[in-house]
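Line order of the protein sequences matches chains G and C. Under the working numbering, think of the first position of the first sequence as 235, with each following residue one higher. Under the working numbering, think of the first position of the second sequence as 5, with each following residue one higher. No residue lacks a Cβ here, since even glycine has one placed at the ideal position from N, Cα and C.
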Amino acid sequence: MSGDTLLRLEVNGEARSLAVAPNETLLDVLRLQLGLTGTKKGCGMGDCGACTVLMNGRPVNACLILAPQADGTTVTTIEGLATDGGLHPLQQSFVRHGALQCGYCTSGVLMAAKGLIDRNPDPTEDEIRQALAGNLCRCGTYPRIIEAVKTWRAEEDVRFDTRPPATASRDQERDLAIVSHGVTRYDGPDKVTGRAKYTADLRLPGMIYGRILCSPIPHGIIKNIDTRRARELPGVLAVITGADVPDTYYGVSPARYDEHVLAKDRVRYVGDEVAAVAAFDEYTAEKALALIDVEYEDLPSVLDPHEAMKDGAPLIHPENPRFANNINTHVDWHFGDTETGFAEAHHVREQRFVGNRTYQSPIEPHAALARWEHHGEKLTLWSATQVPHYVHKMISRTLDIPMGSIRVIKPAVGGGFGGKAETTPLDFCAVLLAKATGRPVMMEYSREEMFHHFRGRHRQTIDLKIGVKADGTITAVDSRIVLDGGAYTSFGVITAYYAGSMVPTLYKIPNYRYEGFRVYTNLPASGAFRGHGVPQPRFAFESLLDMIAEDLAIDPIEIRLRNAMEPDYRTCNGLDIASCEFTATLEQAREASGWVEKKGKLPRGQGIGVGCGGFVSGAGYPIYRSDFPHSNAMIRVHEDGTGVSLHIAAAEIGQGSDTVLVQIAAEELGVPYEWVWMVECDTVLSPLDLGSYSSRVTLMGGNAVKMAAESVREKLFRIAGRHLGCDPAELGARDGRIFVRAHPETSFGWAEAARAAFSQSGPVVGTGCYQPPKNLGADVKGGAVGTSPAYSFSTAVCEVSVDLETGFVKVERITDFSDGGTVINPTTFHGQVEGSAIMGLGETLLEDMLHGKDGKLVNPNLHDYLLPTICESPEIKTAAVESYEPRGPFGAKEVGEGSLLPMLGAIANAIYDATGVRVTELPITPEKILRGLREPSAASGSASRGDA
Amino acid sequence: MNIEPLLFHRPESLKEAFELGRSLGGGATFLAGGTELVPDFRRGREAPSHVISLSGLSELRGIELRRGQLRVGALVTIEEICESAAVREWLPSLAEAASLLASPQIRNLATIGGNFCRAVPCADTPPVCIAAGSHVVLVSERGARTLPAEQLFTGPRQTVLEPGELLREISIPAQPDRSGGSYQRFAHRRGSALAVAAVAARVVLDGDRVEDARIVLGAVGPTPLMAHNSAAILSGAVPSDEAVARAAKEAAGESEPISDLRGSAEFRRQLVEVLTARALRVAIERARIGGSGPGDETRISS
């Protein structure tokens, strides 16, 4: 139907006249016709706010406005916020406060905030929360956003919470210039102006669009696929099915590759990929999907892992006999002697805990863009991924293309949290469709498709038993966990091991038994989500430990102190803990939260609770066997010596890793932070790095960068030493000067030394690499999972109020103390912990993916799957305890995942303190609390949700 | 999903809109703010071949006092209601209900007419208007008809609107002296969330007794529900804690909730009881101080 109409509107002060189709939205017009890609698409349903623009001065969702409805209006987008090429004071304030992480929601947040301050230049905190309630930030940057909006007019460099975290005194003699300082984010200015390009923002000449057809049934055989009608649709350029993809299985863990790019003969969940189409535009591609005729033979499905394990249950991978009873992974670990341990116990308590299926829900949907060049011999793939190397490897292996012919580029990524840690069907299909059509192919998931693709948290059923002596000292722990794996393995083998391996890292546990079953079901595949496999077991452990403490009349923090991990300790399952300031986190959180004054003294309806956690600082082993160093960096000094390029393929996905790595480079080189250019995540330009998972970048990438910088510095020191007439070993470098450490006034220009070095022997380049220590871990099957060069530790104290009539929980305050080693950047450190607190709040109280009996997802959108908004964001106080990790760069280790782990237990324990209701099933909904309040006998409070 | 192709019409008068509606018949949909319709287009729940935008119809705009009624045009946005001094003066509970609806971005687009005519059971503005004794004015080529607001709704997403008929305005009568209103709702999130259960109440006092009470339940039935029996318990009674509790219990019994992902029917009934008691207490307090002045804290903490 031709119904194009003329749209006349003013965009960012310029009058525009455009022919638009009435079924386009204002968002389409801005992004596709006007190239204003700073306005983002997150959900298309008005739920996330990423597309917020001002229309006639009012914030609106551009995705909800049919293009002709905008006729005659004035529209301001992020690109129009600053008119002089600089930054609007609001943008400056966001950069100053670190009020952005991945940046994908940032444009929308800024526009909503602009709408507010235009009417109300001095908004209160409550007014800010109300005004930004429609902008979801999955990184949980809310506390900083509030601060940035509140002080947007401050001309002084007012910093938010910049009290320097306690940094390592052992490193203080170094007198650090850049590390441990809250320098502003490297990617800040690009992200507050909408200039940062995410994959879906890219445009290539001749680019076409692809879409994937998904299975509508949870389990069945594909009897026949007829693509004729789709191929004949005008505008369709290619259609591929399972017959057109390799027979090679792919996946994450080499032990269990079990996925085909497109289903060969069987579909295993609603959403399984069946066919893909490329067309001139997205609309036509989607139309073509509906014209693919697939004949299915329904098979019985099984949606519950406990049912799936039973004899006679429908087999989901019958082709592979190792998966009998649908058991994808079985872990059976015994460390020490639990029988004796429990016999020695004064008190033993056991309890079942049930987790939820939570989804990472990054605001940026997954996307991929593929282009073949050089007569179809070389492939470039732009992918919204957190692991460019594994995508590179998996594309090569599965599609049989030499790695040397593939270039993987990671543009800006709008959040991952583990959900972008594997190669997606979009990556594969974009490559295949680009090959088939000879054109660049862009593919994106819709919000609903993201939920179907999933790879989120495994729902775990945990039977946990803890034995303690009369003083609360743990004698034995027995944990039996069933993990709902969904239809494929994904990261799941590793998840099943993590669910057991990390339990003994926090408390000294002499005897430990863990049996884990990861079970296939006809649901979307579960994967790796921040804290990988550990948050639910940690929720269980922290809850049960509190129950035991109450039984024995021991204070919850006291029982944790009595069992707390110590430095230089080998856990019963063979993990080597090096630096450990866990006790300090407990003591300081107790002090700062006013625990002693509050615990047991708050009125009914108010409660306080503690929870603890910790995580690896990078996995000790790569996902596939390899002797390659895990992180590699290259630093090239620019010829005139006033700039340096840092080449590393570590993946900035919002956590701030680019900033931290640039700080480390600048510190070690002795140049200003502003001199460093990051050349990140392009496999042609940057050496291999395993990417952003297992909280590995600061420690591993940081060490590689530090080593590369040392190598450059040595070259320059040799030259400077000659000029200054001293031994290079006596030199130091700082702020662009090379000086004699004993006489700092005797110095030589850093740039001058660099120019001399270049004149003498050409490019000044340094390289560095990092390999974790060898032979980490116990010599048992799966003993590698949980190994790491270093471990983080955190304690969170949470305060809640509970409406005793409705069960509604308001998290009032969270106080977190973390041991993440030396803090490289206080702003990003606090931002990560605050984001953890908010994500943990969502996981504990709000989030759960619900499936009907037909295997269909009931809530595949952001108004039924609820993420925390800025109105949920509690008062959060975060701090670092003094710590130094010898294996980390400048003493640093991780904080981004470990800080999530305490939150679930802390909130659950605070709710118990407020209400006397112990809810053992996540999420802790008002309905479960109310049931517990009304039926005190049902003390576990595990009320079921309504029939979904 | 992408939106199906459609033809866009923007009539400049009601007359023109009716003509278009008649000539295009069932293939056309009227479009106001679009915050529910556009997602429904995207989901494929509706795929009209013609959209008749109401944005050019000045007859449907504006908030004005006329003949003792506050007339709220169907195209008035939810944000305009939040900010309107007239609404805050006339029926503060409507401004309060409007301020709880979705997000600021949605409130800037969504209209009160859309909130009524889409007839989603959890809509926030109908219950307070019904509790206040409002009428809706429906217009078509055959003329105008006026109905008590509660009679607009016939089921989830169903109304008495006939093809080609439009809601022109909501007409809110002056609230009696010594009356007070309140809107209480429960949602899972503090920011931008749908009501799981909601209660609007209006109480008129005569001396120390309740002269009249109206209680309307939202999100717990196919339409906004008038809790007649609950209201009857209070009418003529001294508004004691005990009477309020009895009325609240009765309202829970009058609700017709379903179980869905936001809560079970049982949970919703419990919420109705709690919210009715809260709404009545606030309404009674406001009636006692002679109408409900702005600044009263009525939002529950959820």
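Close partners of P837 of chain G in chain C (Cβ separation under 9 Å) are lacking, with about 15 Å as the shortest Cβ gap.
Cα atoms of E87 of chain C and L698 of chain G: separation of roughly 54 Å, rounded to the nearest angstrom. Membership of I1163 of chain G in the alpha helix (DSSP H) is indicated by the continuous run P1160 to R1168. For secondary structure counted as the beta strand (DSSP E) over 3 or more consecutive residues, the segment 1017-1099 of chain G holds these complete runs in sequence order: 1027-1036 and 1043-1053.
With contacts defined as CB atoms closer than 8 Å, H686 of chain G and P323 of chain G fail to qualify as a contacting pair.
One finds N6, I7, E8, P9, L10 and F45 in chain C with Cβ atoms closer than 8 Å to the Cβ of N257 of chain G, taken in chain order. The Cβ of F190 of chain C sits closer than 8 Å to at least one Cβ of chain G. Distance from the CA of C373 of chain G to the CA of M1073 of chain G, rounded to the nearest whole angstrom, comes to 8 Å. Uninterrupted beta strand (DSSP E) stretches at least 3 residues long and entirely within the segment 794-864 of chain G occur at 840-847, given in chain order. Among the residues facing chain C, C1032 of chain G is not included, as its CB has no counterpart in that chain under 8 Å away. Contact between the segment 458-475 of chain G and the segment 521-531 of chain G is established, with three or more Cβ pairs separated by less than 8 Å.
Given a length threshold of 3 residues, each whole run of the beta strand (DSSP E) inside the segment 491-531 of chain G is given here in chain order: 507-513. Closest in C-alpha terms to I82 of chain C, from the list C:G195, C:V55 and C:T129, comes C:T129. The three-state reading of DSSP puts Y1118 of chain G in coil, since its state is none of H, G, I, E or B.
If you ignore the 5 residues before and after E800 of chain G, its C-beta comes within less than 7 Å of the C-beta of C814, all in its own chain and listed in chain order. Taking a Cβ-Cβ threshold of 8 Å, none of the residues of chain C is close to P357 of chain G; the smallest such distance is about 12 Å. Listed along the chain, the chain C residues whose CB falls inside 8 Å of the CB of R292 of chain G are E83 and N112.
For A287 of chain C, there is no enclosing beta strand (DSSP E); the residue is found in the alpha helix (DSSP H) stretching over A269 to R292. DSSP, read as helix, strand or coil, puts V939 of chain G in helix. With a threshold of 8 Å between beta carbons, S268 of chain C makes contact with chain G.
Residue environment: L240 of chain G is assigned as exposed (fewer than 16 neighbouring CB atoms within 10 Å of its CB, all protein chains considered). The Cβ of A365 of chain G sits closer than 8 Å to at least one Cβ of chain C. Listed along chain C, the residues sitting closer than 8 Å to G283 of chain G by beta-carbon distance are S107 and Q109.
Counting only Cβ-Cβ distances below 8 Å, S680 of chain G has contacts in chain C at M5, in chain order. As computed with DSSP, K612 of chain G is found in a beta bridge with G:E607. For D352 of chain G, same chain residues with a beta-carbon under 7 Å away, outside a window of 5 residues either side, are G291 in chain order. One alpha carbon belongs to F569 of chain G, the other to C806 of chain G, and they sit about 6 Å apart.
With fewer than 16 other CB atoms across the displayed protein chains lying within 10 angstroms of its CB, N554 of chain G is exposed. For W94 of chain C, there is no enclosing beta strand (DSSP E); the enclosing alpha helix (DSSP H) has its first and last residue at A89 to W94. Residues of the segment 60-76 of chain C with a C-beta less than 9 Å from any C-beta of chain G: none at all. Boundaries for D181 of chain C: no beta strand (DSSP E) harbours it, and the DSSP string shows neither H nor E there. Remark: C-beta atoms of Q897 of chain G and Q1066 of chain G do not approach each other more closely than 8 Å.
Against chain G, the CB of F271 of chain C has a partner CB under 8 Å away; the residue lies at that interface. With distances taken between CA atoms, L1156 of chain G lies nearest to G:S777 out of G:V999, G:V830, G:S777 and G:P1006. Against chain C, the CB of P302 of chain G has a partner CB under 8 Å away; the residue lies at that interface. Along the segment 196-230 of chain C, going in chain order, the ones with a CB nearer than 8 Å to a CB of chain G are S196, A197 and L198.
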